[in-house]
Amino acid sequence: MIPPWRAAGSTTEGEGANSEELGSDSAMKRNSRLPWRAAGSTTEELGSDSASITKVLIEDCGDQFVGVKTLVEVAGGTGTMALAIADAFPDVKCTVFDLPHMIEALEKSDKVAYVGGDMFELIPPADLLIIKWVHGWSDEECVKILKNCKEAIPTKEKGGKAIIIDKVMDTSDTTGKERNEAEWKTLFDAAGFKEYKILPALGLRSIIEIYH
Ligand SMILES: C[S@@+](CC[C@H](N)C(=O)[O-])C[C@H]1O[C@@H](n2cnc3c(N)ncnc32)[C@H](O)[C@@H]1O
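At the far end of the sequence shown sits residue 1133, using the working numbering, and the numbering has no gaps.
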């Protein structure tokens, strides 16, 4: 399959494609049993959580975006983070990536690109990927997502990085949903990442940088 951003002539340095579909029925089924749905979180609540985190990310951790030309917010929902980053760093080409039906339903902005697809199959390429709230996925699912993140970014030497925004617990959670550092490292190793850095910058959550 030719990814839509390639068909559109874009490269890792270039723009993402607009509202193309990379999704599958299995992705929609998987999404319907996710923990944030069970917890009753709404798109608006998730968007406002993203807004407060993005404020800290931009104001206190702006060095994360130095040298970044392209950014994809993976499973970005309403794209709150990508939009705020595009406003603060207009030279960074930002793309919101989510399931096709989510992307279709979004009110679009011309400040960012939108790509619909399934992160378990393929993630659009970028210098920097940001993914928030991974802890609802099983270890096996996380490794699949992380492997696709690795495929989508250049090596560290070439300026590639993925950022996970999630909790890093002090202890081990028996359900395996909220992970301590050793559990995160196991996932990064299994997905083939060579290096990680945890920045406890966001209250209960951390910025976890991963590189290959
Ligand atoms: C908990 S929400 C997080 C949204 C946003 N990142 C935030 O923190 O506000 C999870 C998002 O993942 C998306 N998602 C679920 N499965 C996906 C998949 N297979 N590929 C791409 N996105 C997916 C959902 O549509 C939803 O927007």
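Even for Gly, the Cβ is constructed at its ideal location relative to N, Cα and C.
Note that this is a predicted model, so its numbers are computed, not measured.
Requested in this report: Just the C-alpha distance for residue 956 and residue 1057, rounded to the nearest angstrom, thanks.
Outcome: The residue labelled residue 956 in the question sits at position 35 within the sequence shown. The residue labelled residue 1057 in the question sits at position 136 within the sequence shown. Bear in mind that the predicted position of residue 956 carries a pLDDT of just 47, short of 50, making it unreliable; the figure below should be weighed with that in mind. Answer to the nearest angstrom: the Cα atoms are 6 Å apart.
Report task. Please determine, among 1009, 1065, 1067, 997, the residue with the shortest C-alpha to C-alpha distance to residue 1034. Result -> Residue numbering aside, residue 1034 sits at position 113 when the sequence shown is read from its first letter. For the residues 1009, 1065, 1067, 997, the minimum Cα distance to residue 1034 belongs to 997.
Query - N- and C-terminal bounds of the alpha helix (DSSP H) containing residue 1070 - result: The residue labelled residue 1070 in the question sits at position 149 within the sequence shown. From DSSP, the alpha helix (DSSP H) with residue 1070 extends over 1060-1073.
Requested in this report: Quick one: using the 10 Å Cβ neighbour count with 16 as the cut-off for buried, is residue 1045 buried or exposed?
Outcome: For the purposes of this step, residue 1045 is taken as the residue at position 124 of the sequence shown. Burial call: buried.
Requested in this report: Just the C-alpha distance for residue 986 and residue 1084, rounded to the nearest angstrom, thanks.
Outcome: Looking up residue 986 in the sequence shown gives position 65. Looking up residue 1084 in the sequence shown gives position 163. Each residue's alpha carbon lies about 11 Å from the other.
Query raised in the report: For residue 1098, which option in 1017, 1079, 982, 1062 has the closest C-alpha, if you only look at C-alpha atoms?
Result: For the purposes of this step, residue 1098 is taken as residue 177 along the sequence shown, with counting starting at 1. Here the closest residue by C-alpha is 1062.
**Report entry** Separation of residue 1006 from residue 1012, as counted between CA atoms
**Finding:** For this step, residue 1012 is matched to residue 91 along the sequence shown. For this step, residue 1006 is matched to residue 85 along the sequence shown. Using only the alpha carbons, I get a separation of about 10 Å.
Query raised in the report: For residue 980, does the three-state DSSP call read helix, strand or coil?
Result: Along the sequence shown, read from residue 1 onward, the residue named residue 980 stands at position 59. In the three-state DSSP reduction, residue 980 falls in the helix class (H, G or I).
Query - Range of the contiguous beta strand (DSSP E) that encloses residue 1130 - result: As a position in the sequence shown, residue 1130 is number 209, starting the count at 1. 1126-1132 is the extent of the beta strand (DSSP E) around residue 1130.
Query raised in the report: Does at least one heavy atom of ligand 1 sit under 7 Å from the Cβ of residue 970?
Result: Start at 1 with the first residue of the sequence shown, and residue 970 comes out as number 49. Within the cutoff, so yes.
Query - Helix, strand or coil at residue 1114 according to DSSP, with G and I counted as helix - result: In the sequence shown, counting from the first residue as 1, residue 1114 sits at position 193. Three-state result, residue 1114: coil.
Requested in this report: May I ask you to report which of helix, strand or coil DSSP gives residue 1034?
Outcome: Working through the sequence shown from its first residue, we reach residue 1034 at position 113. Reduced to three states, the DSSP call for residue 1034 is strand.
Query - Cβ-based burial, residue 1047 [other Cβ within 10 Å; buried from 16] - result: Translated into the one-based positions of the sequence shown, residue 1047 becomes position 126. It is buried - the Cβ of residue 1047 has at least 16 other Cβ atoms within 10 Å.
Query - Reduced DSSP secondary structure (H/G/I, E/B, other) of residue 1043 - result: Taking the first residue of the sequence shown as position 1, residue 1043 is located at position 122. Residue state, collapsed to three classes: coil.
Requested in this report: Within its chain, find whatever has a CB closer than 6 Å to the CB of residue 1093; leave out the 5 residues flanking it on each side and keep chain order.
Outcome: Taking the first residue of the sequence shown as position 1, residue 1093 is located at position 172. Cβ neighbours of residue 1093 beyond the five flanking positions: 1101.
Report task. Go ahead and label residue 1076 buried or exposed: buried means 16 or more other beta carbons lie within 10 angstroms of its beta carbon, across all protein chains shown. Result -> Position 155 of the sequence shown, counting from 1, holds the residue named residue 1076. Burial call: exposed.
Report task. Determine the contact status of residue 1122 and residue 977, defining contact as a CB-CB distance below 8 Å. Result -> Within the sequence shown, numbered from 1, the residue matching residue 1122 stands at position 201. Within the sequence shown, numbered from 1, the residue matching residue 977 stands at position 56. Yes; because the gap between Cβ atoms is below 8 Å, this pair is in contact.
**Report entry** Beta-carbon proximity list for residue 928, same chain, < 6 Å, skipping 5 on both sides
**Finding:** In the sequence shown, counting from the first residue as 1, residue 928 sits at position 7. Low local confidence applies: a pLDDT of 45 at residue 928 is under 50, so the model's placement there is unreliable, with the coordinate-based value given in what follows. Cβ within range, chain order: n/a, list empty.
Query raised in the report: Using the C-alpha atoms, what's the distance from residue 1073 back to residue 1113?
Result: In the sequence shown, residue 1113 corresponds to position 192, counting from 1. In the sequence shown, residue 1073 corresponds to position 152, counting from 1. Those two C-alpha atoms are separated by around 13 Å.
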